[in-house]
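Trainee: The structure follows.
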Amino acid sequence: MTKTARPVLNDRVTTWRAQVEARLRQAVLVALAAVVVVGVPSIVYPLTTPVSAEPGAAPLPPAETPDALVAAVAPGLAGLTASAAATRVALDPRLVVAAAGRDPASYDDPVAEALTRLAGQDPAVVRAFFAGLPAAVTEWAAVLFPSAIGNLEGAPYPARIAANRLRLTAETVRPSTPDVPMWTPPWALAGTPYADFFAGAADRGHDLIYFDPVANNGQGSWAEVIGDLTSATRVGILVPGGSASVVSDNFIRYALRARSFVDAPEAAGKLAVIVWAGADFPSGWLQEGLAGYAEKAAPRLASFSRDLRARLAPGVPVIAIGHSYGGPVVGLAETRGLDADVILQLASAGSGHGVTDVHQYDAPCRTRYSMTAPADLIGYVQGSGDAPGIGHGLDPDEMPGTILLDSGFHVADPNAPDDIGRPIGALAGTEIRGIHAHSEVFNPRSDAWVNILAVLTGGAVVLKPGGQPPAVEGC
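As structure tokens, then:
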């Protein structure tokens with residue numbers, strides 16, 4: 089399809105815009121220079137490294153009944169269903185904190201012993217274990233040992249969601265954030281409770297298949313399912329940009345953005361999207377120039393994608409979208425075994441630190457899209473060059489084989505909602521361009537949003553006017 093030409097701005101406005109964009113470019117380059125000077129991750133705050141146990145022999149599913157498990161671990165909950173027990177535990181601060189802190193290694197019980205042995209195992213081993221465990225026992229294990237189940241890759245998603253609801257609730261009954269001196273360094277805030285923020289997340293009922301309250305200096309990391317994975321015929325993985333923590337606005341924003349696609353009539357109830365932020369993410373320009381966050385997140389994302397694939401019906405396409413800093417996370421994951429059929433680099437910071445050629449990816453011929461709105465500040469850092477620990481590789485818009493998508497215009501209705509439900513007002517009918525275009529690509533029914541939805545649903549896309557990157561030889 090072809091776009092109809094829109095009225096051209098008068099010369100004065102055009103000149104003013106060019107001057108503003110030039111100054112913004114200078115500001116971004118100054119910020120990048122500061123990153124080069126400051127660019128040591130440890131001075132911002134330490135990057136956590138996932139800890140995993142050495143794989144051992146797979147435990148056999150124990151022949152245990154729910155009654156035996158409850159009697160061994162929490163006899164006070166005997167006689168209840170797992171669902172009723174979860175409700176009782178969630179409503180009692182003492183019980184929910186005790187559940188979240190319960191270590192299966194402390195119990196002489198076959199299920200508890202098996203859960204202890206599963207920690208750090210290959211997800212395939214974990215999936216096989218739970219496939220042989222009675223469903224009722226799995227449900228009770230999530231209630232009794234939520235911290236062992238909540239982030240256990242390979243464990244059933246419903247059990248992980250139930251476990252993480254309890255773990256999130258436990259965080260809400262801890263003391264609220266205390267006042268701290270304004271000069272307190274970020275790393276000194278690690279572990280500081282954010283009870284009020286976590287309470288809001290708990291009240292909204294997010295379906296979290298990953299939750300780490302300690303990550304991001306105690307502000308939490310997460311992965312959330314939007315939609316029904318059991319009936320979905322297409323599944324998206326949306327990796328957020330910087331400041332991706334449970335207590336930030338981005339926790340809500342990305343859920344709403346994913347929901348707008350899942351609920352779109354074009355999706356016909358067959359699309360599910362997982363917002364994946366299951367690692368430490370940077371915050372602010374200085375940290376976002378560093379490659380270390382993406383380098384640590386990428387293997388986790390790749391492992392997550394392989395576990396997800398094993399749960400889906402054969403032939404269900406997986407679409408990975410990296411927005412902003414999420415772009416280099418997805419790009420590096422493509423060098424570490426990411427299992428996805430389609431990639432969308434959306435207003436992306438880059439293709440991944442050190443990635444300069446499509447053949448560095450595990451699947452060079454994979455379908456790839458990229459969308460960057462005109463004068464989005466991210467465009468000034470794309471492909472700006474790598475140094476040790478700094479930079480995000482090749483500009484995704486220049487990667488051979490990539491299909492460039494048009495970001496287009498906002499809808500003409502001033503009452504149309506933006507990505508968090510506010511009327512777009514004066515933006516109606518205008519080009520998606522400039523500072524705020526970085527987020528405006530998610531405004532529902534805009535040309536950009538429609539293009540993203542088309543990638544997710546397999547519909548027709550609108551290409552960016554002008555040339556496209558060269559094709560990949562042999563693809």
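Using my numbering, the first residue of the sequence shown is number 89, and each one after it goes up by one.
All C-beta atoms in this analysis are idealised placements derived from N, C-alpha and C, irrespective of residue type, glycine included.
Terminal residues of the continuous alpha helix (DSSP H) containing Leu359?
Mentor: Element bounds for Leu359: not the alpha helix (DSSP H) but the beta strand (DSSP E), Leu359 to Ala365.
Trainee: Specify, as a first and last residue, the run of the alpha helix (DSSP H) that Thr175 falls within.
Mentor: Note, Thr175: alpha helix (DSSP H), Ala170 to Leu179.
Trainee: How would you label Glu561, buried or exposed, when you count the other beta carbons within 10 angstroms and need 16 or more for buried?
Mentor: With fewer than 16 Cβ atoms within 10 Å of its Cβ, Glu561 is classed as exposed.
Trainee: Within the same chain, show all residues whose beta-carbon is closer than 8 Å to that of Thr455, passing over the 5 residues directly before and after it, in chain order.
Mentor: Counting only Cβ-Cβ distances below 8 Å, and skipping sequence neighbours, we find Asp429, Val430, Ile431 and Ile491.
Trainee: According to DSSP, is Gly380 part of a helix, a strand, or is it coil?
Mentor: Helix, per DSSP.
Trainee: Can you say whether Cys563 is buried or exposed, counting buried as having 16 or more other CB atoms within 10 angstroms of its CB?
Mentor: Cys563 comes out exposed.
Trainee: If I follow the unbroken alpha helix (DSSP H) through Ser348, where does it start and stop?
Mentor: Run containing Ser348: Asp337 to Val350, per the alpha helix (DSSP H) assignment.
Trainee: Compare the beta carbon distance of Gly419 and Gly481 with 9 Å and say whether it is the shorter of the two.
Mentor: Cβ distance < 9 Å, so Gly419 and Gly481 count as in contact.
Trainee: Distance check for Ala212 and Ala219, CA to CA, integer angstroms please.
Mentor: Using only the alpha carbons, I get a separation of about 10 Å.
Trainee: Would you call the CB atoms of Leu378 and Ile523 closer than 9 Å?
Mentor: For Leu378 and Ile523, no; Cβs fall outside 9 Å.
Trainee: Reducing DSSP to helix, strand and coil, say where Arg454 ends up.
Mentor: Correct three-state label for Arg454: coil.
Trainee: Whose C-beta lies closer than 8 Å to the C-beta of Asp507 among residues of the same chain, with five residues either side of it excluded?
Mentor: So the list reads Arg341, Leu344, Arg345, Ser348, Ser527, Glu528, Phe530, Asn531 and Pro532, once near-sequence residues are dropped.
Trainee: Could you give the DSSP three-state label for His524: helix, strand or coil?
Mentor: If DSSP states are grouped into helix, strand and coil, His524 belongs with coil.
Trainee: How far does the beta strand (DSSP E) with Gly312 in it reach, from first residue to last?
Mentor: Here residue 312 is Glu; the residue named in the question, Gly, does not match the sequence. Ser309 to Ile314 is the span of the beta strand (DSSP E), which, as asked, contains Glu312.
Trainee: Less than 9 Å between the C-beta atoms of Ala229 and Leu221, yes or no?
Mentor: For Ala229 and Leu221, yes; Cβs fall inside 9 Å.
Trainee: Along the chain, where does the beta strand (DSSP E) containing Ile478 start, and where does it finish?
Mentor: Taken as a continuous stretch (DSSP letters only), Ile478 belongs to no beta strand (DSSP E), as it is neither H nor E.
Trainee: Does Glu519 come out as helix, strand or coil in the three-state DSSP assignment?
Mentor: In the structure shown, Glu519 sits in a strand (DSSP, three-state: E or B).
Trainee: List the endpoints of the continuous beta strand (DSSP E) containing Asp300.
Mentor: Taken as a continuous stretch (DSSP letters only), the beta strand (DSSP E) holding Asp300 covers Leu296 to Asp300.
Trainee: Return helix, strand or coil for His441, following the three-state DSSP convention.
Mentor: If DSSP states are grouped into helix, strand and coil, His441 belongs with coil.
Trainee: Would you kindly check if the distance between the Cβ of Ala311 and the Cβ of Trp364 is under 9 Å?
Mentor: Going by C-beta atoms, Trp364 is nearer than 9 Å to Ala311.
Trainee: Whole angstroms are fine: how far does the CA of Pro484 sit from the CA of Ser309?
Mentor: Their Cα atoms are separated by approximately 26 Å.
Trainee: In the DSSP assignment, the beta strand (DSSP E) including Ala408 goes from what residue to what residue?
Mentor: Ala408 -> beta strand (DSSP E) spans Val406 to His411.
Trainee: Report, in whole angstroms, the separation of the C-beta atoms of Met487 and Pro557, which I expect to be a contact under 8 Å.
Mentor: Contact flag correct, Cβ pair sits at about 6 Å.
Trainee: If we call anything under 9 Å between Cβ atoms a contact, is Asn539 one with Met459?
Mentor: Taking 9 Å as the Cβ cut-off, Asn539 and Met459 qualify as a contacting pair.
Trainee: Using 8 Å as the threshold, is the segment 544-551 in touch with the segment 355-375, meaning 3 or more CB pairs across them?
Mentor: At 8 Å Cβ cutoff, the stretches touch.
Trainee: Under the DSSP definition of a beta bridge, which residues are partnered with Pro511?
Mentor: Pro511 pairs with Pro505.
Trainee: When you compare the CB positions of Ala193 and Ala160, do they come within less than 9 Å of one another, or not?
Mentor: No, these two residues do not count as a Cβ contact at 9 Å.
Trainee: Please go through the segment 201-237 and give each complete beta strand (DSSP E) segment of 3 or more residues, from N-terminal end onward.
Mentor: With a minimum length of 3 residues, no continuous beta strand (DSSP E) run stays inside the segment 201-237.
Trainee: Between the alpha carbons of Asp474 and Val417, how many angstroms are there, rounded?
Mentor: About 15 Å.
Trainee: Would you report the Cα separation of Leu551 and Ser495, rounded to the nearest angstrom?
Mentor: Roughly 9 Å between the two C-alpha positions.
Trainee: Return yes when the Cβ of Val350 is within less than 9 Å of the Cβ of Tyr457, no when it is not.
Mentor: No, the Cβ-Cβ distance between Tyr457 and Val350 is not below 9 Å.
Trainee: Could you compute how far the alpha carbon of Val499 sits from the alpha carbon of Ser534?
Mentor: If I take the Cα positions, the gap works out to 5 Å.
Trainee: Specify the secondary structure class of Val161 as computed by DSSP and reduced to three states.
Mentor: In this structure, Val161 counts as helix in the three-state DSSP scheme.
Trainee: Does the segment 365-373 come into contact with the segment 402-412, if we say contact requires no fewer than three beta-carbon pairs (one atom in each stretch) closer than 8 Å?
Mentor: With a cut-off of 8 Å, the segment 402-412 and the segment 365-373 do not count as touching, because too few Cβ pairs lie within range.
Trainee: Give every residue of the same chain whose Cβ lies closer than 6 Å to the Cβ of Glu241, excluding the five residues on either side of it in the sequence, and list them in chain order.
Mentor: Excluding sequence neighbours, Glu241 sits near Pro211 and Asp395.
Trainee: Let me check understanding here. Comparing Cα to Cα, which of Ser336, Pro246, Ser439 and Pro163 lies closest to Tyr298?
Mentor: Tyr298 has its Cα closest to that of Pro246, out of Ser336, Pro246, Ser439 and Pro163.
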